[in-house]
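Written below as C-alpha cells is the structure these notes are about.
Chains as they are written, first to last, in the working numbering: chain R, 1 to 256; chain W, 1 to 256.
As C-alpha cells, then:
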C-alpha cells in the first residue's frame, strides 16, 4: 500500500517514524506547505517532497492529512477526486470534512502529546480510529495497528468526550501543577519536592480507580482546612475559584 | 539513639521500615492504642509494644508521634515531661503542639501518600523537617536523612503552602481523573486509553516547567471548543464550574 503524508508537524513526523520501517505500508511522497520543516522531514525519511497540491501523485492507496485542524477541510476542497483512503488526524473533526475529495474517509487520532523532536515514540501511543464505511474502517484500523499496539475504535460522539477528557487529565492537571509551581516560587520552596507525589498520583490509577483513591480535605469534609487553604490563595481570586469548584465537585461525588 | 514510635498507621509503618536496619537509630519500643494494628507492627519489626502511655520507657532519646493529627496534642498533654526529642508527623501542625511534654520538638512530614501495605518504600520519599530549636533541628534532620535521601527544611508558613500544593497536585488531579473515569463509563469507553497521556503529563514536568508545557483550548483562547466541552458537561453543573474556573485561571496566567 502506497502512502502519501501531508503536513510537516508533530503528527506527520510521528506517522513517518512509525511507517518508514513497514513493509505493508510504503511511504512514497510528502506534501508540505512549510518548506523548511518539510525538507527536514523529507531528508530524514529519504522521501520525495512537493509543496504544490497539483504535484501530489494520484496513484497512492492512502493519503494522511497530518495537518492543522483548520487546514484539513481547505486542502480536501482543493484535492483531486480519488477512490483512495483519505485519513485525517483531528479527534474533534468528523470524517465528513474529507468527503469533497473522496468517499473513503478515516481518522487516526493520537490521545497523546506528540513532540516531533523525538527520534522514537512509545509503541503504545493510544490511537483512536474511525471511518465512514466498513472497508475504510478496516484499512484505517490496519494502518493504525502498524503504528501502535494501542488502537481503539471510537465514534464521533465518543471522540468528543475523549477530547474533553484529555483536557481534564492533561491541560487542567498541568495547570494545577503550574499554580503549585508559582506558589513554590513565591514562598521560596523547591518545586521538585512535589515530583514524587505527582508521579505517585499518576501511577496509582494504573492499579486502582481514581474514585477509590480520592483523599484530602474536601473528601473528608474538613471545612477548617479548606477555609485556611482558600485564605492562602487570597491574592489570586481565580485560584480560589479553582479550589472552591474542585472541592464542591469532590464533595458532591462522594456524598451519595 | 533509642527511638520509641507512637502509632500503628501508615507513618508508623514507614518509620519502622526505614529505621529497623539503622545502626545509629535503634527502635526500642512501640506504643499503639489500636492493639490489632499495633501487634501486627510489633511482630513484623520484632519490637516490644505497649498500649498504655504510662508504660512507655522514659529513657529513649527520640519519641516519634506517628499518630492522627487530632491525637498528637492529646497524647502530648498526657505524656511524661522529658528532655528527649519529641517529633510529630503532621505537616499542617506547628511544633508547639508537643511542648506540654518537653521543650525539644521537631517535625518530619512526608509529602507523599504512604501506604502501610508496602514492604519497601522509595528511597526518595520527600520528607519535610522543622524544629523549635537548633539542636532539635539538627537531630530531626539527621533522623530524617537516615530514612530518606530527599529531606528539606521548611518553616511552618512554607509547610502550609506545601500542604495546599499537595492538595492541588494530588487530590485535585485525582478528582479530574475521577471525572474522566465517570465520563468514560457513561460513554462506554475504556478509561485505560487515557493512562499514557496521564503518565506523560506527570513525567513531562521533570524536564520542563508546567507553565511552559501548557496547551489546550483555554491556553489558545479557543472559545468555540470551550463552549462545546462545557455543553458536554450539562448534566453535571459542578463539573461545568470546574471546567470554567480552570479555563479562566489558565487564560489569566498566560494573558500577561
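Even glycine gets a Cβ: it sits at the ideal position worked out from N, Cα and C.
Exercise. Quick one: residues in its chain with C-beta nearer than 8 angstroms to the C-beta of residue 114 of chain W, no 5 flanking neighbours on either side, listed in chain order?
Key: For this step, residue 114 of chain W is matched to residue 114 along the second chain. Same-chain partners within the cutoff: 10, 11, 13, 14, 121 and 125.
Quiz item: Which one of R:92, R:173 and R:99 has the shortest CA to CA distance from residue 158 of chain R?
Solution: Within the first chain, residue 158 of chain R is the residue found at index 158, counting from 1. The option with the nearest alpha carbon to residue 158 of chain R is R:92.
Quiz item: In chain order, what residues of the same chain lie with their CB nearer than 7 angstroms to the CB of residue 195 of chain W, ignoring the 5 residues before and after it?
Solution: Along the second chain, one-based indexing puts residue 195 of chain W at 195. Around residue 195 of chain W: no qualifying Cβ.
Quiz item: Helix, strand or coil: which one does DSSP assign to residue 131 of chain W?
Solution: Translated into positions along the second chain, residue 131 of chain W becomes position 131. Looking at residue 131 of chain W - three-state DSSP - the assignment turns out to be strand.
Exercise. Would you mind reading off the limits of the alpha helix (DSSP H) that contains residue 199 of chain W?
Key: Along the second chain, read from residue 1 onward, the residue named residue 199 of chain W stands at position 199. Looking at the DSSP string, the run of the alpha helix (DSSP H) that includes residue 199 of chain W is 195-204.
Quiz prompt | residue 155 of chain R, buried or exposed, once every other Cβ within 10 Å from all chains shown has been counted against 16 | solution = Taking the first residue of the first chain as position 1, residue 155 of chain R is located at position 155. Residue 155 of chain R should be labelled exposed.
Quiz item: For the 8 angstroms Cβ check, are there 3 or more pairs between the region 22-35 of chain W and the region 130-139 of chain W?
Solution: no
Quiz item: Is there at least one Cβ from chain W nearer than 9 angstroms to residue 147 of chain R's Cβ?
Solution: The residue labelled residue 147 of chain R in the question sits at position 147 within the first chain. No, no contact with chain W.
Quiz item: Using the beta-carbon of each residue, which ones in chain W are nearer than 9 angstroms to residue 31 of chain R?
Solution: Here residue 31 of chain R refers to the residue found at position 31 when the first chain is read from its first residue. Ordered by position in chain W, no residue passes the 9 angstroms Cβ test against residue 31 of chain R, which lies about 25 angstroms from the chain.
Quiz item: Is the CB-CB distance between residue 254 of chain W and residue 232 of chain R below 9 angstroms?
Solution: In the second chain, residue 254 of chain W corresponds to position 254, counting from 1. In the first chain, residue 232 of chain R corresponds to position 232, counting from 1. At least 9 angstroms separates the beta-carbon of residue 254 of chain W from that of residue 232 of chain R.
Quiz item: If contact means a Cβ-Cβ distance below 7 angstroms, which residues of the region 151-166 of chain W contact chain R?
Solution: Within the region 151-166 of chain W, 152, 154, 158, 160, 161, 162, 164, 165 and 166 place their CB atoms closer than 7 angstroms to a CB of chain R, listed in sequence order.
Quiz item: In the DSSP assignment, what residue or residues form a beta bridge with residue 108 of chain R?
Solution: Your numbering for residue 108 of chain R matches position 108 in the first chain. BP columns for residue 108 of chain R point to R:129.
Quiz item: If you draw a straight line from the C-alpha of residue 60 of chain R to the C-alpha of residue 76 of chain R, how long is it?
Solution: Taking the first residue of the first chain as 1, we reach residue 60 of chain R at position 60. Taking the first residue of the first chain as 1, we reach residue 76 of chain R at position 76. Rounded to the nearest angstrom, the two C-alpha atoms are 16 angstroms apart.
Practice problem: Closer than 6 angstroms by C-beta to residue 100 of chain W: which residues in its own chain qualify, once you throw out the five before and the five after it? Chain order, please. | Solution: Within the second chain, residue 100 of chain W is the residue found at index 100, counting from 1. Cβ within range, chain order: 76 and 77.
Exercise. Find the nearest neighbour of residue 97 of chain W within the set W:110, W:84, W:73 and W:123, judged by alpha-carbon distance.
Key: Counting from 1 along the second chain, the entry for residue 97 of chain W is found at position 97. Just measuring C-alpha positions, the residue of W:110, W:84, W:73 and W:123 sitting nearest residue 97 of chain W is W:73.
Quiz prompt | chain W residues whose Cβ lies nearer than 7 angstroms to that of residue 124 of chain R | solution = Taking the first chain and counting its residues from 1, the one referred to as residue 124 of chain R is at position 124. Here the neighbours are 196.
Practice problem: Can you tell me which of the three DSSP states residue 14 of chain R falls into? | Solution: As a working note, residue 14 of chain R is residue 14 in the first chain. Three-state DSSP puts residue 14 of chain R in a helix.
Exercise. Output yes or no for whether 9 angstroms exceeds the beta carbon distance between residue 95 of chain W and residue 132 of chain W.
Key: To locate residue 95 of chain W, count along the second chain from 1; it is residue 95. To locate residue 132 of chain W, count along the second chain from 1; it is residue 132. Cβ distance < 9 angstroms, so residue 95 of chain W and residue 132 of chain W count as in contact.
Practice problem: Could you tell me the distance, in whole angstroms, from the CA atom of residue 64 of chain W to the CA atom of residue 148 of chain R? | Solution: Along the second chain, read from residue 1 onward, the residue named residue 64 of chain W stands at position 64. Along the first chain, read from residue 1 onward, the residue named residue 148 of chain R stands at position 148. Spanning the two alpha carbons is a distance of roughly 51 angstroms.
Practice problem: Give a yes or no on whether the C-beta atoms belonging to residue 250 of chain W and residue 169 of chain R are separated by under 9 angstroms. | Solution: One-based indexing of the second chain puts residue 250 of chain W at position 250. One-based indexing of the first chain puts residue 169 of chain R at position 169. No. Outside cutoff.
Quiz prompt | Boundaries of the beta strand (DSSP E) in which residue 20 of chain W is found, first to last residue | solution = By one-based count along the second chain, residue 20 of chain W stands at place 20. Taken as a continuous stretch (DSSP letters only), residue 20 of chain W belongs to no beta strand (DSSP E), as it is neither H nor E.
Practice problem: Taking a Cβ distance cut-off of 9 angstroms, strictly less, list which residues of the region 171-187 of chain R are near chain W, in chain order. | Solution: Cβ proximity to chain W below 9 angstroms picks out 171, 172, 173, 174, 175, 176, 177, 178, 179, 180, 181, 182, 183, 184, 186 and 187 from the region 171-187 of chain R.
Quiz item: What is the rounded straight-line gap between the Cα of residue 240 of chain R and the Cα of residue 173 of chain W?
Solution: Position 240 of the first chain, counting from 1, holds the residue named residue 240 of chain R. Position 173 of the second chain, counting from 1, holds the residue named residue 173 of chain W. So the alpha carbons of these two residues sit roughly 16 angstroms apart.
Self-check item: Cβ pair residue 47 of chain R, residue 16 of chain R closer than 9 angstroms
Solution: Sequence index remark: in the first chain, residue 47 of chain R carries index 47 (1-based). Sequence index remark: in the first chain, residue 16 of chain R carries index 16 (1-based). Cβ distance < 9 angstroms, so residue 47 of chain R and residue 16 of chain R count as in contact.
Exercise. Please classify residue 172 of chain W: does DSSP put it in a helix, a strand, or coil?
Key: Here residue 172 of chain W is taken as the residue at index 172 of the second chain, counted from 1. Helix.
Quiz item: Ordered along the chain, which non-local residues of its own chain (more than five positions away) have a Cβ less than 7 angstroms from that of residue 6 of chain R?
Solution: On the first chain, position 6 is the one that residue 6 of chain R refers to. Excluding residues within five positions, the ones whose Cβ falls inside 7 angstroms are 31, 63, 64, 65, 66, 67 and 75.
Self-check item: Per-residue contacts from residue 90 of chain W into chain R (C-beta, under 8 angstroms)
Solution: To locate residue 90 of chain W, count along the second chain from 1; it is residue 90. Here the premise fails: no neighbours, minimum Cβ distance about 11 angstroms.
Quiz item: In chain R, which residues lie with their C-beta within 7 angstroms of the C-beta of residue 294 of chain W?
Solution: Look at the range of chain W in this structure, 1 to 256, and you will see that residue 294 of chain W is not part of it.
Quiz item: Are residue 182 of chain R and residue 211 of chain W closer than 9 angstroms when you measure CB to CB?
Solution: On the first chain, position 182 is the one that residue 182 of chain R refers to. On the second chain, position 211 is the one that residue 211 of chain W refers to. A contact, by the Cβ cut-off of 9 angstroms.
Exercise. Tell me whether residue 152 of chain R sits in a helix, a strand or coil according to DSSP, three-state version.
Key: By 1-based counting over the first chain, the position of residue 152 of chain R is 152. Under the three-state reduction of DSSP output, residue 152 of chain R falls in the strand class.
Quiz prompt | Helix, strand or coil at residue 50 of chain W according to DSSP, with G and I counted as helix | solution = Along the second chain, read from residue 1 onward, the residue named residue 50 of chain W stands at position 50. Per DSSP, reduced to three states, the secondary structure at residue 50 of chain W is strand.
Self-check item: Rounded separation between residue 143 of chain R and residue 27 of chain R - CA only
Solution: As a working note, residue 143 of chain R is residue 143 in the first chain. As a working note, residue 27 of chain R is residue 27 in the first chain. Approximately 12 angstroms between the Cα atoms of the pair.
Self-check item: Separation of residue 193 of chain R from residue 150 of chain W, as counted between CA atoms
Solution: Against the second chain, residue 150 of chain W aligns to sequence position 150. Against the first chain, residue 193 of chain R aligns to sequence position 193. The alpha-carbon atoms of residue 150 of chain W and residue 193 of chain R are separated by roughly 8 angstroms.
Quiz item: Counting along the chain, where does the beta strand (DSSP E) carrying residue 246 of chain W start and finish?
Solution: Residue numbering aside, residue 246 of chain W sits at position 246 when the second chain is read from its first letter. Segment 237-254 is the alpha helix (DSSP H) holding residue 246 of chain W; no beta strand (DSSP E) there.
Practice problem: Indicate whether residue 87 of chain R and residue 108 of chain R have their beta-carbon atoms separated by less than 9 angstroms. | Solution: Translated into the one-based positions of the first chain, residue 87 of chain R becomes position 87. Translated into the one-based positions of the first chain, residue 108 of chain R becomes position 108. It is a contact, given that the beta carbons lie within the stated cut-off.
Self-check item: Any non-hydrogen atom of the ligand GTP within 8 angstroms of residue 23 of chain R CB
Solution: What this structure holds is no ligand at all, so the ligand GTP is not there to describe.
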